[in-house]
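Asks: Got a structure for you, questions after.
Number of protein chains: 2
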Amino acid sequence: MSENKLPSWNETSTKKSITDFVDKITKEGSPDFIPEEDRIAVFDNDGTLWTEQPFQIQIIYCLDRIKELGEKDPELVKSQPLKAFYEQDWKTVSEMTKKDIYEFVVTVLDGKTPDDFKKLVVNWFDKAVHPQFKQSYYKCYYQPQIELLRYLEDNGFKNFIVSGGGIDFMKAVCTNIYGIPDHRIIGSSFKTKVEYNGNIPVLVRLPELNSFNDKDEKVNNIHLHIGKKPVFAFGNSDGDLAMIRYTLSKDNGIAFILHHDDDGREVAYDREFKLSPLIEGLEVAVKEGINIVSMKNDWKRVFEDFKN
Amino acid sequence: MSENKLPSWNETSTKKSITDFVDKITKEGSPDFIPEEDRIAVFDNDGTLWTEQPFQIQIIYCLDRIKELGEKDPELVKSQPLKAFYEQDWKTVSEMTKKDIYEFVVTVLDGKTPDDFKKLVVNWFDKAVHPQFKQSYYKCYYQPQIELLRYLEDNGFKNFIVSGGGIDFMKAVCTNIYGIPDHRIIGSSFKTKVEYNGNIPVLVRLPELNSFNDKDEKVNNIHLHIGKKPVFAFGNSDGDLAMIRYTLSKDNGIAFILHHDDDGREVAYDREFKLSPLIEGLEVAVKEGINIVSMKNDWKRVFEDFKN
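Taken in sequence, the protein lines are chains A and B.
For the first sequence, numbering that gives the first Met the number 0 begins at 0 and goes up steadily by one.
For the second sequence, numbering that gives the first Met the number 0 begins at 0 and goes up steadily by one.
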């Protein structure tokens, strides 16, 4: 029964903690019952729902995009940080912070309108292949997490993505990948403005960050976009701790951190992934009641179609 | 049949334009078909879903709240603009802009946390009575619009509120009034920050506007929160024109402006309501294909339980 629910999850205590929680809070009349309108689940994306190795997928997109643009306009990529992107100098890129990359690279170059940008992203996804897993990025999601999203939905939850990734980047592809509608995807955003073509408003992206959705800002944006405290949170890095603690501050809240400890089927890493490390989360997990999910032990498989 | 759908709407060409639109875009295989995921409807709130006379309900809340605070702390209300609020000097208040009121009044005084603020708002709604209609503000919604929200939902639409009103103010009460979940309510917002009580994050409201959701900013926020162009828009003032035009720039988009022309059952006004006038909307409606809804002619009744 339990196996049918989450077939790619092993029968471990982690899986049991998920199903026990759902059983408990959906049981009408029980003191732990949570009404449907409050069943809000928040998921980080990079490293939680899809792979973030060797870089977050959006950064790999930027590397490819800047290579393309630099070939047309060598002036553009003469100095840092764009030079490192153009030369696919992964070492230099990996020493930048995620925020630097957003501010200095992503914001400068994307399509003029959100529709232009969406086309660029979709075109890239339609062709690009992951360097290690040799599969489309469309396939780089974690199959156990897709099952978890559906399982929560079947139990009356509304799932939201709350990610440091670009909100427009995610909306271009994530709705189809995860079955989560655009309006439930929250991410880092740029400012926009409206220009007029006669009476027709045209929304234009500006090269200025509106919100860098990491750490405490995830809590601010959960309040702005959702307006309720979640009862279920899933992340994989210290950037998710604020939203995890916010969730745990709610009666009956439960939270999970995915630990990438599986070098065979994916990549084993935590503190050494400078762009988005997991250090404090592992240290405080037991004390604060955060469930650590071991990719190696808790997941029967990692990707859907991949031999693993 | 058509009457059963929207019983509080008269059998006019306005009602027919709504039902024809819905019939057309839900007909599979037709060239006008719009898939469910794109059936996004946006509604202004003040003057569109509930009454905004003599002031927007949130402003009346502020008048009452500042009176209460000024009685405890006379220093607070010695100078403008708070003095006018304290003295319930409606003439002076009506000469302010909505944005002034947000910036100088609302942001200074509300509860420390969103939960504190929500309690203040709910407590006020539980007691306050509308000065003209002599009924609870909970009852000051327009019954024909509730039927329209349900009718659209029944036809696969997702309804969103996109209002100049405060997002937290609306979330405190509007979900119950309109049956629209918190995460589909978009409004003016304040900045927030996270403070820590040990490891527990506490979200705190800051006296600084994050977004004043009027005119073009409604389009920016539709993109940020929804990420899709709506196909159905309903407003009542020139502050809604940007989102109406944005909606009409979409294939098959349709838009409505409620004209308050009913002095018997509500209040007849347009250009003279300085806080939120309707001038340009009436001038351009025919040319731009915006449907003008006459409260007097198109609505069989205005409020649900009110003798009208």
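All residues carry an ideal CB built from backbone N, CA and C; glycine is no exception.
At a CB distance below 8 Å, what residues from the region 155 to 183 of chain B approach chain A? Give them in sequence order.
Replies: Those would be K157, F159, I166, D167, K170, T174, P180, D181, H182 and R183, in chain order.
Asks: Taking all protein chains shown into account, decide if S188 (chain A) is buried (16 or more other Cβ within 10 angstroms of its Cβ) or exposed.
Replies: Buried, by the Cβ-count rule.
Asks: I'd like to know whether the C-beta of I291 (chain B) is nearer than 7 Å to at least one C-beta of chain A.
Replies: I291 (chain B) does not count as touching chain A.
Asks: Using the rule of at least 16 other Cβ atoms within 10 Å of the residue's Cβ for burial, across every protein chain shown, is G238 (chain A) buried or exposed?
Replies: Burial call: buried.
Asks: Does the beta carbon of Y137 (chain A) sit closer than 7 Å to a beta carbon anywhere in chain D?
Replies: Absent here is chain D; the protein component of the structure consists of chains A and B.
Asks: Are the C-beta atoms of L208 (chain B) and some chain A residue less than 7 Å apart?
Replies: No, no contact with chain A.
Asks: For L274 (chain B), report the span of its alpha helix (DSSP H) as first-last.
Replies: Run containing L274 (chain B): none; DSSP gives neither H nor E here.
Asks: So is K87 (chain B) buried or exposed if we call it buried at 16+ other beta carbons inside 10 Å?
Replies: This sequence places Gln at residue 87 (chain B); Lys is not what is there. Looking at its Cβ environment, which holds fewer than 16 other Cβ atoms inside 10 Å, Q87 (chain B) is exposed.
Asks: Assuming the contact rule is C-beta atoms closer than 8 Å, S236 (chain A) and P206 (chain A) should be a hit. Round their C-beta distance to whole Å, please.
Replies: S236 (chain A) to P206 (chain A), Cβ: 26 Å. No contact.
Asks: Could you tell me whether any Cβ in chain B is nearer than 7 Å to the Cβ of K66 (chain A)?
Replies: Taking Cβ atoms only, chain B never reaches closer than 7 Å to K66 (chain A), which makes this a no.
Asks: So F302 (chain A) and N158 (chain A) are in contact, right, with Cβ under 8 Å, and what is the actual spacing, rounded?
Replies: Not really, about 20 Å apart at Cβ, beyond 8 Å.
Asks: If we define contact as Cβ-Cβ less than 7 Å, is P143 (chain B) a contact residue for chain A?
Replies: No - not a single Cβ of chain A is within 7 Å of the one on P143 (chain B).
Asks: Apart from the five residues just before and just after S16 (chain B), which ones in its own chain have a Cβ nearer than 8 Å to its Cβ?
Replies: Within the same chain, S16 (chain B) has close Cβ partners I253 and N290.
Asks: Using C-beta distances below 6 Å, list every residue in its chain close to P143 (chain B), excluding the 5 sequence neighbours before and after it, in chain order.
Replies: The answer, listed in chain order, is S7, W8 and W298.
Asks: Let's see if you can read the secondary structure: which residues bound the alpha helix (DSSP H) around G280 (chain B)?
Replies: Per DSSP, G280 (chain B) belongs to the alpha helix (DSSP H) from E279 to E287.
Asks: Starting from F189 (chain A), trace the beta strand (DSSP E) both ways and give me its first and last residue.
Replies: Taken as a continuous stretch (DSSP letters only), the beta strand (DSSP E) holding F189 (chain A) covers I184 to N196.
Asks: In the structure shown, what three-state DSSP assignment does L208 (chain A) receive?
Replies: Note: L208 (chain A) maps to strand in three-state DSSP.
Asks: Given that a residue counts as buried once 16 or more other Cβ atoms are within 10 Å of its Cβ, and exposed if not, what is Q52 (chain A)?
Replies: Flag for Q52 (chain A) reads buried.
Asks: Mark P113 (chain A) as exposed unless 16 or more other C-beta atoms lie within 10 angstroms of its C-beta, in which case mark it buried.
Replies: It counts as buried.
Asks: In chain order, which alpha helix (DSSP H) runs of at least 4 residues are fully inside the region 134 to 159 of chain B?
Replies: Counting whole runs of 4 or more residues, the region 134 to 159 of chain B contains the alpha helix (DSSP H) stretches 142 to 153.
Asks: Looking only at its own chain, which residues have a Cβ that is under 6 Å from the Cβ of G280 (chain A), when we skip the five neighbours before and after it?
Replies: Excluding positions up to five away in sequence, the list reads D237, L240 and I256.
Asks: Under 8 Å Cβ to Cβ from K249 (chain A), same chain only, skipping five residues before and after it: list those, please.
Replies: K228, P229 and V230, listed in sequence order.
Asks: Express the C-alpha separation of R38 (chain B) and F156 (chain B) in angstroms, rounding to a whole number.
Replies: Each residue's alpha carbon lies about 5 Å from the other.
Asks: By alpha-carbon positions, which one of A:K286, A:K190 and A:K4 ends up nearest to L223 (chain B)?
Replies: The candidate whose alpha carbon is nearest that of L223 (chain B) is A:K190.
Asks: Name, in chain order, the residues that DSSP records as bridge partners for I291 (chain B).
Replies: B:I256.
Asks: Nearest to F116 (chain B) by alpha carbon, out of B:Q57, B:V292, B:G163 and B:G226?
Replies: Among B:Q57, B:V292, B:G163 and B:G226, the Cα nearest to that of F116 (chain B) is on B:Q57.
Asks: Let's see if you can read the secondary structure: which residues bound the beta strand (DSSP E) around G234 (chain A)?
Replies: It spans F231 to G234 - the beta strand (DSSP E) in which G234 (chain A) sits, taken as one unbroken run.
Asks: For R244 (chain A), count the other beta carbons within 10 Å of its own beta carbon; 16 or more makes it buried, fewer makes it exposed. Which is it?
Replies: Label assigned to R244 (chain A): buried.
Asks: So with CB distances below 8 Å, who are the chain B contacts of S188 (chain A)?
Replies: L223, listed in chain order.
Asks: For D115 (chain A), which three-state DSSP category applies?
Replies: Three-state result, D115 (chain A): helix.
Asks: Quick check on this structure: which residue in A:C61, A:L202, A:E27 and A:K97 has the alpha carbon closest to the alpha carbon of Y85 (chain A)?
Replies: Closest option to Y85 (chain A), Cα to Cα, is A:C61.
Asks: Suppose you measure from the CA of V309 (chain B) to the CA of K170 (chain B); what does that come to, to the nearest Å?
Replies: For residue 309 (chain B) there is no data in the structure shown, the boundaries of chain B being 0 and 307.
Asks: I need the straight-line Cα distance from M95 (chain A) to G69 (chain A), nearest angstrom please.
Replies: Taking the straight line from one Cα to the other gives about 20 Å.
Asks: Mind checking who L202 (chain A) pairs with in its DSSP beta bridge?
Replies: Paired residue(s): A:V193.
Asks: Measuring alpha carbon to alpha carbon, tell me which residue in B:S293, B:F233, B:E216 and B:T246 is nearest L48 (chain B).
Replies: When only C-alpha atoms are compared, the closest one is B:F233.
Asks: For T11 (chain B), count neighbouring Cβ atoms within 10 angstroms of its own Cβ and tell me buried if that reaches 16, exposed if not.
Replies: It is exposed - the Cβ of T11 (chain B) has fewer than 16 other Cβ atoms within 10 Å.
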